[in-house]
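The structure appears below as C-alpha cells.
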C-alpha cells in the first residue's frame, strides 16, 4: 500500500491513540515533577483591650490566586519520587543504619506505603500467574476428554468468571465469604470460631484476593489452551500409545512441547493483567490490608480534599516502568518473529 | 482424540467428570447464588442469625408476605436511579463499539496491506499501549480534562474508551485481515479501483466475521469498564459499574446493599446472554493472537 493511502486509512485510529494514550503518558510524566502548592501563610496581628497577638493563618485569597495562575502546582523535580509515600529514600537509608538485621530492615521498609503496595502486587503476580496456567491447562485437558456433544454448555459455564468485570466478580464472591454470607457463616461453624472474619485478618484477605485472581483469570488460560489442544497432531500421539507411553508421558513429551509457545503467551498476558490488579481490592473492601500500585494511584485520584496529581503521576510512571520490564520479552519475541518472517 | 485418557480407563473418566463438575460449580455457583439472593430481603441474604435463611426466605416472608420479592430491583432501578446508569451504559457501549470498529477496520486493513517497516513499528507501539494499566492513563487525563472543562461528560468518556480500545481492536482485526487473501483486493486495484473502493466493495462484504468478534470485545470493554468511567464521569453521568460501587459506599442505609446485589444481577444478565449467543466468536477472538503467535 502506498504511503499516502496508508496515511488516510490509518489516520483516525492513529490520531485517537496519540491523543488519548500517547499524550496522557507524557502528561503523566510532566505532572509527576510537580506537587501541590503549599498554602500561603500570613501573620495577622490582632489587638484587643488585653494586648496584641500575632497569629499565623492561611491566606485563602492568595492561595487560590496562586492555584489559578499555576494549576499544575509547584515544580518539585524528583521530590515526589523520593518522598515518604514513594521511594522514601531518606527513610530507607535511615532504616538501613538503624536496623540490626536484614530481616528487621525488610520489615520496616515493607511498611512504607509504596513498598507495601509493591510487595502485594508482586506477590499477587507471582502466585496467581502459575496457578492460572496450571488450572487452565488441567481444565482444558479434562474438558477435552469429555464427549463433544455437551462441551458447548460446559465451555460457557467455564468462561463465566472471566467475562464479568473484576469489580462485579469480586463483589459476588465477597458477599458469599462475608461473615453474614453462605461461605463465611459455614466457615465460622466449621472452624468453631463465631468471630472469624476474612476481612479482619491480613493474610486471609490476601488469600481471598489471590483465590479470586485465579478464579477470574483461569478461564482465559483455559480457552487458549483448549484451542491449542485442538491443533496437536494426531500421529505422534498414536505412535506414542503404540510405544506404550503413559498418559503423563504423552502430555509431557508431545502435548506440552506443541503448545509451549502458547503457554508463554498466556503467561505474559496474565502477568501484565495481574500487575494492574486493583478492582478486587475495592470489591473486597480490602484497602486496609492489601494495597496494590494501581490502587495507590486510584486512591490519590479520588482523594477528597485535593486530588494528588503529582503523587498519582509519580506512582503511575513507576508502574509503567514495571510494566515495561515485564513487556520486554514479548517485544523481543515479536521482533524476532518479524525478522524471520521477512 | 483424548490426550490424557484412554477409553478403557473408567476410574480416570469418573475422576475427570467429577473434576469438571467441581470446577463448573466453582465457576457458576456464585452467580446462581447472587441471582437467587437478589429476590430476598437483606436480613435473609446477609443473615446474621443463620445463613439458611437465604434459602428458606424466613425474613422475606415476614417482611413482604412472599418467598420472593422484587423490592431490591425496584429500589435500585427507580429510587437508586439505576435506569439512568443503564441508559448511560447503553449510550457509551453503542458509541464505543461503532466508533472503534469504524476506526479499527480502516486502520487494521491498512496495517495488513502495508509491507513497510513503519507498519510493524505501529503494531509494536500498539502492543505497548495495550499493556498500559488504564489507571495510569486516567491519571494523565484528569488534569488536562479539568483544565479544558470536558471532565464528567459522556462524550469524553466515549472518546477515551475508543482510544484505549484501539490497540486491541487493531491487533485483532490485523490478524483477521491477514487471513483475507491479498489477491482479492489486488485484482480490484488492477481493474482500476482506488484503495478505498477496493475496501468498500471487496473487503467490506467479507470482513463481518472478524468485525463481529472485534465488536464483541469492544463491547465487553466499554460495558465492563470501571477505572475510566468511575474517574472521568460525574455522579449524574455514571454508568452501571461505578453506580454499583456507589451503592456500596452508603452501607448505613438498610436497602442499599441489596440494591447493589440486584444491580449486579441486572448488569451481568445481558452480558451472559450475549456471550451465550456469540460464544464461538468470543473464543475465536481470545485465541486469535495466541495460536498463530
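Protein chains in written order, with our numbering: chain A, 8 to 349; chain B, 47 to 339. Note that CB positions come from ideal geometry on N, CA and C, so glycine has one too. Nothing here was measured: the structure is a model prediction, and the numbers come from that model.
Task: Buried versus exposed, by CB contacts within 10 Å (16 or more), residue 38/A - done: Here residue 38/A refers to the residue found at position 31 when the first chain is read from its first residue. Its Cβ being crowded by 16 or more others within 10 Å, residue 38/A is buried.
TODO: Note down the Cα distance separating residue 173/A from residue 172/B, rounded to an integer number of angstroms.
DONE: Here residue 173/A is taken as the residue at index 166 of the first chain, counted from 1. Here residue 172/B is taken as the residue at index 126 of the second chain, counted from 1. Using only the alpha carbons, I get a separation of about 24 Å.
TODO: With 7 Å as the threshold, decide whether the Cβ of residue 82/B is near any Cβ in chain E.
DONE: Annotation note: the requested chain E is absent from the structure, which comprises protein chains A and B.
Task: Nearest-angstrom Cβ-Cβ length linking residue 140/A and residue 228/A, presumed shorter than 8 Å - done: Position 133 of the first chain, counted from the first residue, corresponds to residue 140/A. Position 221 of the first chain, counted from the first residue, corresponds to residue 228/A. With a Cβ gap of about 6 Å, residue 140/A and residue 228/A count as contacting.
- [ ] Measure from the alpha carbon of residue 78/A to the alpha carbon of each residue in 84/A, 70/A and 85/A, then state which is nearest.
- [x] Taking the first chain and counting its residues from 1, one reaches residue 78/A at position 71. A check of alpha carbon separations from residue 78/A across 84/A, 70/A and 85/A identifies 70/A as the nearest.
Open item on the list: Between residue 218/B and chain A, is the shortest Cβ-Cβ distance under 7 Å, so that the two count as touching?
Closed with: Sequence index remark: in the second chain, residue 218/B carries index 172 (1-based). Not an interface residue.
Task: residue 189/A - containing alpha helix (DSSP H), residue span - done: For the purposes of this step, residue 189/A is identified with residue 182 of the first chain, where counting begins at 1. Element bounds for residue 189/A: 189 to 198.
Task: Buried versus exposed call for residue 330/B [16 or more other C-beta atoms within 10 Å across all chains shown] - done: Here residue 330/B corresponds to residue number 284 of the second chain, with the count starting at 1. Buried, because 16 or more other Cβ atoms sit within 10 Å of the Cβ of residue 330/B.
Task: As assigned by DSSP and simplified to three states, the class of residue 97/A - done: For the purposes of this step, residue 97/A is identified with residue 90 of the first chain, where counting begins at 1. DSSP places residue 97/A within a helical segment (H, G or I) once states are collapsed to three.
Open item on the list: Taking 6 Å as the cut-off, is the C-beta of residue 126/A nearer than that to any heavy atom in the ligand HEM?
Closed with: With respect to the ligand HEM, the structure shown offers nothing to examine, as it has no ligands at all.
- [ ] Taking only beta-carbon positions, decide if residue 76/B is within less than 7 Å of chain A.
- [x] Translated into positions along the second chain, residue 76/B becomes position 30. Yes - at least one Cβ of chain A is within 7 Å of the one on residue 76/B.
Open item on the list: I need the straight-line Cα distance from residue 233/A to residue 324/B, nearest angstrom please.
Closed with: Locating residue 233/A in the first chain gives position 226, where the first residue counts as 1. Locating residue 324/B in the second chain gives position 278, where the first residue counts as 1. Their backbone Cα atoms lie some 18 Å apart in a straight line.
Open item on the list: Can you pull out the residues from the region 294 to 309 of chain A whose beta carbon lies closer than 9 Å to at least one beta carbon of chain B?
Closed with: Listed by position, the residues of the region 294 to 309 of chain A near chain B (Cβ gap below 9 Å) are 300, 301, 302, 304, 305, 307, 308 and 309.
Task: Extent of the continuous alpha helix (DSSP H) run through residue 59/B - done: Here residue 59/B is taken as the residue at index 13 of the second chain, counted from 1. Segment 56 to 83, the alpha helix (DSSP H) holding residue 59/B.
TODO: Report the residues of the region 100 to 130 of chain B with a CB closer than 7 Å to any CB of chain A, ordered along the chain.
DONE: Answer set for the region 100 to 130 of chain B: 100.
Open item on the list: Ignoring anything shorter than 4 residues, give me the alpha helix (DSSP H) runs that lie fully in the region 188 to 266 of chain B, in order along the chain.
Closed with: Entirely contained in the region 188 to 266 of chain B, the alpha helix (DSSP H) runs reaching 4 residues are, in chain order, 200 to 225, 228 to 236 and 241 to 244.
Task: Chain-order list of residues whose beta-carbon lies under 8 Å from that of residue 168/A (same chain, five-residue window excluded) - done: Translated into positions along the first chain, residue 168/A becomes position 161. By the criterion of a C-beta distance shorter than 8 Å, residue 168/A is surrounded in its chain by 176, 222, 223, 225 and 226, once the five residues flanking it on both sides are discounted.
Open item on the list: Output needed for residue 153/B: all residues of its chain with C-beta closer than 6 Å, excluding positions within five of it in sequence on either side, in chain order.
Closed with: In the second chain, counting from the first residue as 1, residue 153/B sits at position 107. Excluding residues within five positions, the ones whose Cβ falls inside 6 Å are 216.
TODO: Count the other CB atoms, across all protein chains shown, that sit within 10 Å of the CB of residue 261/B; report buried if there are 16 or more and exposed otherwise.
DONE: The residue labelled residue 261/B in the question sits at position 215 within the second chain. Residue 261/B is buried by the Cβ-count criterion.
Open item on the list: Short of 9 Å Cβ to Cβ, which residues in the region 182 to 195 of chain B face chain A?
Closed with: So the list reads 182, 183, 184, 185, 186, 187, 188, 189, 190, 192 and 193, given in the order they occur along the chain.
- [ ] Within 10 angstroms of the Cβ of residue 124/B, are there 16 or more other Cβ atoms? Answer buried if so, exposed if not.
- [x] For the purposes of this step, residue 124/B is identified with residue 78 of the second chain, where counting begins at 1. By the neighbour-count rule (16 or more Cβ atoms within 10 Å), residue 124/B is not buried but exposed.
Open item on the list: Whether or not the region 298 to 312 of chain A and the region 280 to 288 of chain A are in contact is what I'm after, with contact meaning three or more pairs of Cβ atoms, one per stretch, closer than 8 Å; do they touch?
Closed with: Taking 8 Å as the limit for Cβ pairs, the verdict is that the region 298 to 312 of chain A does touch the region 280 to 288 of chain A.
Open item on the list: Taking 8 Å as the cut-off, does the region 187 to 197 of chain B touch the region 304 to 318 of chain A (at least 3 CB pairs, one atom from each stretch)?
Closed with: Yes, the region 304 to 318 of chain A touches the region 187 to 197 of chain B.
TODO: Work out the CA separation of residue 294/A and residue 258/A for me, nearest whole Å.
DONE: By one-based count along the first chain, residue 258/A stands at place 251. By one-based count along the first chain, residue 294/A stands at place 287. As the crow flies, the alpha-carbon of residue 258/A is around 42 Å from that of residue 294/A.
- [ ] My understanding is that residue 241/B touches residue 169/B, with C-beta atoms under 8 Å, so please give their C-beta distance in whole angstroms.
- [x] Stepping through the second chain from its first residue, residue 241/B is reached at position 195. Stepping through the second chain from its first residue, residue 169/B is reached at position 123. The C-beta distance from residue 241/B to residue 169/B rounds to 19 Å, too long to fall under 8 Å, and the pair is not in contact.
Open item on the list: Buried or exposed, going by whether 16 or more other CB atoms sit within 10 Å of the CB of residue 182/B?
Closed with: Position 136 of the second chain, counting from 1, holds the residue named residue 182/B. That one is buried.
Open item on the list: Against chain B, with Cβ distances strictly below 7 Å, would residue 346/A count as a contact?
Closed with: The residue you call residue 346/A lines up with position 339 of the first chain. So, not an interface residue.
Task: Of the listed residues 274/B, 70/B, 218/B and 184/B, nearest to residue 332/B (C-alpha basis) - done: What you label residue 332/B is simply residue 286 of the second chain in a count that begins at 1. The shortest C-alpha separation from residue 332/B is found at 218/B.
Open item on the list: Just verifying my parser: in three-state terms, what is the DSSP assignment at residue 146/B?
Closed with: The sequence position of residue 146/B within the second chain is 100, counting from 1. Three-state DSSP puts residue 146/B in a helix.
Open item on the list: Once the 5 residues before and after residue 338/B are set aside, which same chain residues still bring their CB inside 8 Å of it?
Closed with: Taking the first residue of the second chain as position 1, residue 338/B is located at position 292. Low confidence applies to residue 338/B: its pLDDT is 41, below 50, so where it sits in the model is not reliable, and the reading given next is rough at best. Listed in chain order, the non-local C-beta contacts of residue 338/B below 8 Å within the same chain comprise 221, local neighbours out to five positions each way being set aside.
- [ ] Could you tell me if residue 194/B is buried or exposed, where buried requires 16 or more neighbouring beta carbons within 10 angstroms of its beta carbon?
- [x] Translated into positions along the second chain, residue 194/B becomes position 148. Classification for residue 194/B: exposed.
- [ ] Ignore the nearest five residues each way along the sequence and tell me which others in residue 197/B's own chain have a CB closer than 8 Å to its CB.
- [x] For the purposes of this step, residue 197/B is identified with residue 151 of the second chain, where counting begins at 1. The answer, listed in chain order, is 188, 191, 278 and 280.
- [ ] Give the single residue among 276/B, 72/B and 214/B whose Cα lies nearest to the Cα of residue 265/B.
- [x] Walking along the second chain from the start, residue 265/B turns up at place 219. Its Cα nearest to that of residue 265/B, the residue 214/B stands out among 276/B, 72/B and 214/B.
Open item on the list: DSSP has residue 62/A in a bridge; who is on the other side?
Closed with: Position 55 of the first chain holds residue 62/A. DSSP lists 51/A as partners of residue 62/A.
Task: Through-space distance from residue 167/B to residue 271/A, alpha-carbon basis - done: Start at 1 with the first residue of the first chain, and residue 271/A comes out as number 264. Start at 1 with the first residue of the second chain, and residue 167/B comes out as number 121. Answer to the nearest angstrom: the Cα atoms are 22 Å apart.
Task: Same chain, Cβ closer than 6 Å to residue 332/A, five either side skipped, listed in chain order - done: Walking along the first chain from the start, residue 332/A turns up at place 325. If you ignore the 5 residues before and after residue 332/A, its C-beta comes within less than 6 Å of no other C-beta in its own chain.
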